[in-house]
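Enquirer: Quick one: this structure, given as structure tokens, is what I'll be asking you about.
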Amino acid sequence: MDLAEIWRVMRRRWYVLLPGLLITAALTAAVYLLVPVEYRSQSTVTLLNSKKATVAFDGNPFLSTQASLTGMADGLARNLNSDDSKADLKALGVTGVHEAKIADNALGPYMWLSVVGTDPAAVLKSDEILTTYAEKRLLEFQNQQSVTPDAMIRMATIVPPQKPEAQTKARLQFLVMAGALGFVLSLVATFFVEARRRRGAAAGKHRPAPGEGGEQAAPDAGDPTATLRMTVAHPAGSGAAGSRTSGSS
0 MDLAEIWRVM
10 RRRWYVLLPG
20 LLITAALTAA
30 VYLLVPVEYR
40 SQSTVTLLNS
50 KKATVAFDGN
60 PFLSTQASLT
70 GMADGLARNL
80 NSDDSKADLK
90 ALGVTGVHEA
100 KIADNALGPY
110 MWLSVVGTDP
120 AAVLKSDEIL
130 TTYAEKRLLE
140 FQNQQSVTPD
150 AMIRMATIVP
160 PQKPEAQTKA
170 RLQFLVMAGA
180 LGFVLSLVAT
190 FFVEARRRRG
200 AAAGKHRPAP
210 GEGGEQAAPD
220 AGDPTATLRM
230 TVAHPAGSGA
240 AGSRTSGSS
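So the sequence shown is numbered by numbering that gives the first Met the number 0: it starts at 0 and just counts up by one.
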């Protein structure tokens, strides 16, 4: 089946295709209205060495880095993603979904702190709370181990919480899926109806008419005069008498 034939089928069965396309349009519009736009705000923080560890570098923490800082960043991120931290952050006013992770392709103890939600203002506020809470948790970890203030790992904000940006990828995927699924189902219904009609037409074209093939229709069992009519039309012995008449002539 080529494109021309497909187009002819679509034109011939428009009464099946058109309702399907209208339903698809309604479904796509519903997805557009019901699936909200999500916004994302993100900050970048880094862990710095303690004051004692930077004495040899004239107190510059960016000149003193250790592998242990990356390990601490990983542990802090895991704690911020825990259920206990989620409960604390919710009590502090964080809405939406937050995430803490080591920054992709990071060459040091850099972390990304992000919040995703549907209200841009609330997302920005939540990311600010998350950034402050992360520094607080870092200090709590070290206080629990009785670390002296001069030996404590510190946190610095490299990129403050950014203006929330719309995340349209997920919504666009839902729209494409709804439109594609509706269009495909409309085509399937159209060609299904076309196939049924063609089979019905082919069956009617090859059905033999009554009396074709030299066979006589059986008398109707419910009609008592059917046998009488057949007897009058073909009296018994007519074949034999006809043969004798032909022979004698």
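Glycine included, every Cβ here is placed at the ideal spot set by N, Cα and C.
1. Indicate whether M71 and P108 have their beta-carbon atoms separated by less than 9 Å.
2. To the nearest angstrom, report how far apart L251 and N142 are at their CA atoms.
3. On the three-state DSSP scale, how would you describe T162?
4. Compute the distance between the beta-carbons of S113 and D126, then report whether it is under 9 Å.
5. When you measure from the CB of G178 to every non-hydrogen atom of the ligand MN, does any distance come out below 8 Å?
6. Excluding sequence positions up to five away, which residues of its chain have a Cβ less than 8 Å from the Cβ of T27?
7. Quick one: grab the DSSP three-state call for Q215.
8. Are G19 and A188 touching if we call contact CB-CB under 9 Å?
9. For the beta strand (DSSP E) that Q41 lies in, which residues bound it at each end?
10. Got a sec, what are the start and stop residues for the alpha helix (DSSP H) I22 sits in?
Expert: In short, the structure shows the following:
1. One thing to note: M71 has its Cβ within 9 Å of the Cβ of P108.
2. Here the chain covers residues 0 to 248 and nothing more, so residue 251 does not appear.
3. Checking the displayed sequence, the identity of residue 162 turns out to be Lys instead of Thr. Here K162 sits in coil by DSSP.
4. yes
5. Only the bare structure without any ligand can be found here, which leaves the ligand MN out of the picture.
6. L174, A177, G178 and G181
7. With a pLDDT of 48 at Q215, under the threshold of 50, the predicted position of this residue should be treated as unreliable, though the coordinate-derived value follows. Note: Q215 maps to coil in three-state DSSP.
8. yes
9. That run of the beta strand (DSSP E) goes E37 to L47.
10. W13 to L33
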